[in-house]
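Residue 405 in the working numbering sits at position 398 of the sequence shown, with consecutive numbering throughout.
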Amino acid sequence: MSNRLGASTSPYLRQHADNPVHWQEWSDAALAEAAERDVPILLSIGYAACHWCHVMAHESFENEAIAAQMNEGFVCIKVDREERPDLDSIYMNATVAMTGQGGWPMTCFLTPGGAPFYCGTYYPPEPRNGQASFPQLLDAITDTWRERRGDVDRVSDQVAGHLRQASSGLPDGAPPSPGDLATAVATLVADEDPSGGFGRAPKFPPSATVEALLRHHERTGDAAAYAVAVRCAEAMARGGIYDQLGGGFARYAVDADWVVPHFEKMLYDNALLLRFYAHLGRRTGSPLALRVADETADFLVRDLGVHGAFASSLDADTEIDGHGVEGATYVWTPSQLAEVLGDDDGAWAAEVFAVTDGGTFEHGTSTLQLRGDPDPARLADVRRKLFHARQSRPQPARDDKVVTVWNGLAITALAEAGRVPDAAACARYLLEKHWNGATLRRSSLDGVAGEAQGMLEDYAALVTGLLALRQRTGDTAWSDDAAVILDAAIDKFADPDASGGWYDAPSDGEALLTRPRDPADGATPSGASLIAEALTYAEVLLGERYAGLAAATRARSGELLRRVPRGAGHHLAVAEQATAGLQIAVADGAGAAALTAEARRLAPGGAIVVAGAKDSQVLLEGRGPVDGRAAAYVCRGTVCSLPVTDGETLAIELAP
Numbered sequence: 008m009s010n011r012l013g014a015s016t017s018p019y020l021r022q023h024a025d026n027p028v029h030w031q032e033w034s035d036a037a038l039a040e041a042a043e044r045d046v047p048i049l050l051s052i053g054y055a056a057c058h059w060c061h062v063m064a065h066e067s068f069e070n071e072a073i074a075a076q077m078n079e080g081f082v083c084i085k086v087d088r089e090e091r092p093d094l095d096s097i098y099m100n101a102t103v104a105m106t107g108q109g110g111w112p113m114t115c116f117l118t119p120g121g122a123p124f125y126c127g128t129y130y131p132p133e134p135r136n137g138q139a140s141f142p143q144l145l146d147a148i149t150d151t152w153r154e155r156r157g158d159v160d161r162v163s164d165q166v167a168g169h170l171r172q173a174s175s176g177l178p179d180g181a182p183p184s185p186g187d188l189a190t191a192v193a194t195l196v197a198d199e200d201p202s203g204g205f206g207r208a209p210k211f212p213p214s215a216t217v218e219a220l221l222r223h224h225e226r227t228g229d230a231a232a233y234a235v236a237v238r239c240a241e242a243m244a245r246g247g248i249y250d251q252l253g254g255g256f257a258r259y260a261v262d263a264d265w266v267v268p269h270f271e272k273m274l275y276d277n278a279l280l281l282r283f284y285a286h287l288g289r290r291t292g293s294p295l296a297l298r299v300a301d302e303t304a305d306f307l308v309r310d311l312g313v314h315g316a317f318a319s320s321l322d323a324d325t326e327i328d329g330h331g332v333e334g335a336t337y338v339w340t341p342s343q344l345a346e347v348l349g350d351d352d353g354a355w356a357a358e359v360f361a362v363t364d365g366g367t368f369e370h371g372t373s374t375l376q377l378r379g380d381p382d383p384a385r386l387a388d389v390r391r392k393l394f395h396a397r398q399s400r401p402q403p404a405r406d407d408k409v410v411t412v413w414n415g416l417a418i419t420a421l422a423e424a425g426r427v428p429d430a431a432a433c434a435r436y437l438l439e440k441h442w443n444g445a446t447l448r449r450s451s452l453d454g455v456a457g458e459a460q461g462m463l464e465d466y467a468a469l470v471t472g473l474l475a476l477r478q479r480t481g482d483t484a485w486s487d488d489a490a491v492i493l494d495a496a497i498d499k500f501a502d503p504d505a506s507g508g509w510y511d512a513p514s515d516g517e518a519l520l521t522r523p524r525d526p527a528d529g530a531t532p533s534g535a536s537l538i539a540e541a542l543t544y545a546e547v548l549l550g551e552r553y554a555g556l557a558a559a560t561r562a563r564s565g566e567l568l569r570r571v572p573r574g575a576g577h578h579l580a581v582a583e584q585a586t587a588g589l590q591i592a593v594a595d596g597a598g599a600a601a602l603t604a605e606a607r608r609l610a611p612g613g614a615i616v617v618a619g620a621k622d623s624q625v626l627l628e629g630r631g632p633v634d635g636r637a638a639a640y641v642c643r644g645t646v647c648s649l650p651v652t653d654g655e656t657l658a659i660e661l662a663p
């Protein structure tokens, strides 16, 4: 028996390939081994950029004595939550049900049938602050397994029943009305935190929610919704959660004021935030929003680009003298600024970036914030010099795994931000490496697809990304691929017993304890809201055959929006898109490029914008230029305006 992770397509699992623990990946064979040995399964779930995952690995999984205890008493299975979100969903729900909270590393003890009977997160190697040590926990689990098997069976049966009930999906109900959307927005506005965004520490970027608020403002003129979105955008862009030198956002802030980030950078956050800042920038002309959008796109391509697609994350830690140190790449002292910039610019930069003698982070170091709007030329010069100096520091590790859903989000964001070549390169990679014409794979590493099947979110996000490229380029090949992938998603994930209901895992996938589905939006949009978005684009761009399913899927979000709008940010954004029903078609003629560019600049979030020759596509059937001049046709649902041939008139036509 030995560790079996060396050939994994997950960098996270490979991080554990040299542990003395006899780790193996999740498989039927691993469960069968547990049954044969009559021992419980020790399931450990984490991801490559997770700080506390690294801590527990160093403290316990690299410890020979603890590893021997694990190997003797358990079948030890290691799972990358990003590669297997179905397993992560099931056992995170169990962990929250048992403990009231969740997180990673997740530590679950299962029967050989996969039913959990004890769950937790991080455990220290020795007793600490009233918490039992990991070895003590292992002893207790082994004793319970041997001496009180009846208790194990009773608890595992109860938890399995709870998990099956929790995966029943959204109830059938009334679709969200314009009044429901207004009420949800009012609830969100009332929940705003004074420091921008929602909630207190730790504080996560509410990407989908602020996008929804911006769309609501554009549809209704609601000034309060707009103000909340803009305050949040500015607070994040000026805070330490944003990399003031290299662009891109960290996963969350540990404080309520966005000052100190948890330094890991995730592809999904940056894709979602790029989409929002690009939208805000093009609609308002805000120099800050436009700059953040440009820099975030540059960060994606420069720091996460791999084979034309995008890697999953950058680590929270930087390895210094053999040990991971959180944030070491990113923080500064006043003397370090002066060393790079000289005394005058160093002092100026310390004031501009709020770098203090006492420090805003640890050990007298500070994260960089942006105070005000200093001289842009001087700021650009200082940022360039500091970024160049920072590049000579040790850098955080990168998880090179390419995850379909997050790359799908990036395709959409890049296309909408005008970075079409980058979006197209990513789409080509996914279609070549992850899609075989019938099945979509969840992820790949070094161009080799893993075994894990794609989830609903993977199919849906890729469809939306391809349709974003279709709008930007006019190339029907993108929409042709989107239609095939969408039809496969309907076949694999739609609930046959509930119109508009969806499972997160495919019907032909591995049989697990439950077939997971969670419609609520979290740090990333749910599969349910992503497929609602894909269908909302598809019913216009791919054909009316999707209209009924699109409406039924959006209707399922009604109860969630009415009850917990904070957990339905992307559902709300899609509902705003569908309620507006805005489509802009620009027919070729003199001045077409300029009119198309203006249409895209003026288009609210979620609006469909296409351009091309008369009769070249559905939205241009029977619609052509006017007296040889390019003409824009604006439709809201099935009601369309007369053609307009100039930007000023188009702006009036698009006003709420």
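Using N, Cα and C, we set each Cβ at its ideal position, and we do this for glycine too. The structure presented is a predicted model; accordingly, all values stated were derived computationally and were not measured.
Can you give, in chain order, each stretch of the alpha helix (DSSP H) that sits fully within the stretch 334-375 and has at least 4 residues?
Entirely contained in the stretch 334-375, the alpha helix (DSSP H) runs reaching 4 residues are, in chain order, 341-348, 350-359.
Can at least three beta-carbon pairs, one atom from the stretch 49-61 and one from the stretch 95-115, be found at a separation below 8 Å?
The answer is yes - the stretch 95-115 touches the stretch 49-61, with three or more Cβ pairs under 8 Å.
For the candidate residues 294, 509, 437, whose alpha-carbon lies nearest to that of residue 383?
294
Which of the three DSSP states is assigned to residue 571 in this structure?
coil
Assign residue 34 to one of two classes, buried (16 or more other C-beta atoms within 10 Å of its C-beta) or exposed (fewer than that).
exposed
Take the Cβ of residue 632 as the centre, count every other Cβ of all protein chains shown within 10 Å, and call the residue buried at 16 or more, exposed below.
buried
Inspect the beta-carbon positions of residue 434 and residue 449 and report whether they are closer than 8 Å.
Contact annotation: residue 434 and residue 449 have beta-carbon atoms that are not nearer than 8 Å.
So, using beta-carbon positions, are residue 247 and residue 268 closer together than 8 Å?
yes
Give me the Cα-Cα distance between residue 656 and residue 211, rounded to the nearest whole angstrom.
Rounded to whole angstroms, residue 656 to residue 211 spans 40 Å at the Cα level.
If I follow the unbroken alpha helix (DSSP H) through residue 594, where does it start and stop?
Per DSSP, residue 594 belongs to no alpha helix (DSSP H); it is in the beta strand (DSSP E), 589-594.
Evaluate residue 172 with the Cβ neighbour count: other Cβ atoms within 10 Å of its Cβ, from every protein chain shown; 16 or more gives buried, anything less gives exposed.
exposed
Checking 8 Å against the spacing of the C-beta atoms, do residue 561 and residue 585 come in under that value?
yes
Give me the Cα-Cα distance between residue 649 and residue 554, rounded to the nearest whole angstrom.
Roughly 25 Å between the two C-alpha positions.
Check for me: the beta strand (DSSP E) holding residue 113 runs from which residue to which?
113-117
Write down the C-beta distance between residue 298 and residue 336 rounded to the nearest angstrom, noting that I regard them as a contact closer than 8 Å.
Their Cβ separation, rounded to whole angstroms, is 22 Å, which puts residue 298 and residue 336 out of contact at 8 Å.
In this structure, does DSSP put residue 261 in helix, strand or coil?
coil
Using a Cβ-Cβ cut-off of 8 Å (strictly less than) and excluding sequence neighbours within five positions of residue 697, which residues of its own chain qualify?
Since the first residue of the chain shown is 8 and the last is 663, residue 697 is not available in this structure.
With a threshold of 6 Å on Cβ separation, who are the neighbours of residue 284 within its own chain once the five nearest residues in sequence on each side are excluded?
296, 299, 300
Beta-carbon proximity list for residue 438, same chain, < 7 Å, skipping 5 on both sides:
488
What does the alpha-carbon distance come out to for the pair residue 309 and residue 225?
Roughly 33 Å between the two C-alpha positions.
Considering only the beta carbon of each residue, do residue 202 and residue 523 sit closer than 8 Å?
no
What are the partner residues of residue 450, as DSSP defines its beta bridges?
410
In whole angstroms, what is the alpha-carbon distance linking residue 302 and residue 255?
7 Å
Nearest to residue 221 (by Cα), restricted to the options 594, 587, 628, 604:
Comparing alpha-carbon positions, the option among 594, 587, 628, 604 lying closest to residue 221 turns out to be 587.
Name the DSSP beta bridge partners of residue 640, please?
592
Would the beta-carbon of residue 347 fall within 8 Å of that of residue 311?
no
Where DSSP assigns a beta bridge to residue 669, which residues make up the other side?
Nothing about residue 669 can be read from this structure; the chain reaches only from 8 to 663.
Burial state of residue 51 (16 or more Cβ within 10 Å)
buried
Which stretch, first to last residue, makes up the alpha helix (DSSP H) that contains residue 470?
463-480
Just the Cα atoms here: how many angstroms apart are residue 406 and residue 16?
Approximately 11 Å between the Cα atoms of the pair.
Could you tell me the alpha carbon to alpha carbon distance between residue 455 and residue 440, rounded to whole angstroms?
Our two residues, residue 455 and residue 440, have alpha carbons roughly 7 Å apart in a direct line.
Exposed or buried, residue 662, counting other C-beta atoms within 10 Å across all chains shown (16 or more means buried)?
exposed
Please name the residue, chosen from 189, 233, 506, 280, that lies closest to residue 291 on a Cα-to-Cα basis.
233
The alpha helix (DSSP H) enclosing residue 239, as first and last residue numbers:
230-245
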